[in-house]
Amino acid sequence: MKDTLITAQRKKREILYFGLCLTAAVLVNLGAILYFGTPWYELFTQAGYTLMIAIAFYAIAAVVRLVIHLFRKA
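Numbering (this note's numbering), first residue to last: 27 to 100.
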């Protein structure tokens, strides 16, 4: 099998993408707290759900980035 190398630049870019997805998930959670008038402590107690939403955002973004990459390559 061929060994692959992931560069430090690529790792930093992926961390940035996940950070943006996490920020978006926190903003969605904050918006839901404001919209439904729930207590502010839910911003912290729902951290697990926020993380799962961030992972879902990251997966969706990865698929979109893959499709864009495939179209550019063709």
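No residue lacks a Cβ here, since even glycine has one placed at the ideal position from N, Cα and C.
**Request:** Please list, in chain order, all residues of the same chain as N55 whose beta carbon is under 7 Å from its beta carbon, the five residues on each side excluded.
**Result:** Apart from sequence neighbours up to five positions away, the residues of its chain that approach N55 with a beta-carbon distance below 7 Å are L69, Q72 and T76, ordered along the chain.
* Determine the direct distance from the alpha carbon of A51 to that of M78, and round the result to whole angstroms. => Note on geometry: alpha-carbon atoms of M78 and A51 lie some 9 Å from one another.
### Reduced DSSP category for K28 - H, G, I as helix; E, B as strand; rest coil
coil
Limits of the alpha helix (DSSP H) - the one that Y67 falls within
Looking at the DSSP string, Y67 is not in any alpha helix (DSSP H), and its letter there is neither H nor E.
Q) Does DSSP put A34 in a helix, a strand or coil? A) Of the three classes helix, strand and coil, the one that applies to A34 here is helix, per DSSP.
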